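Residue numbers (the numbering used here): 1 to 83.
In this text, a Cβ means the ideal position worked out from N, Cα and C, and glycines have one as well.
Computed from a prediction, not measured in an experiment: that's the story for all the values here.
Working notes for the structure below.
Written out as structure tokens, the structure is:
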């Protein structure tokens, strides 16, 4: 009974780690894209798009941080090195 629960928990942590890694990759790309839109390309965008790019930068930066922390927790729970 306890062994099955441990195995289920490990499977969940592995799935969570995969999700966190994917979310981290998507978040990095999204932050880079929104920063490029918000700053170097700002002159070619309407004001509403500039505002949206700035807001999106904040949202994706938060997503990046949350996915990184989730990754660290998953690695720790799986007994893997946390770098």
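Please state whether the Cβ-Cβ distance between residue i and residue j is less than 8 Å.
i          : j          : result
residue 61 : residue 31 : yes
residue 50 : residue 33 : no
residue 24 : residue 64 : yes
residue 82 : residue 76 : yes
Taking the straight line between their C-alpha atoms, what separation do you get for residue i and residue j?
i          : j          : result
residue 35 : residue 72 : 25 Å
residue 67 : residue 42 : 28 Å
residue 14 : residue 74 : 7 Å
residue 17 : residue 48 : 36 Å
residue 9  : residue 22 : 20 Å
If you run the structure through DSSP and keep just helix, strand and coil, what is residue i?
i         : result
residue 5 : helix
Answer with buried or exposed for residue i, where buried requires no fewer than 16 other C-beta atoms within 10 angstroms of its C-beta.
i          : result
residue 58 : exposed
residue 20 : buried
residue 4  : exposed
residue 44 : exposed
residue 27 : buried
### Task
Within the region 8-81, note down every full alpha helix (DSSP H) run reaching 4 residues or more, in order along the chain.
47-77
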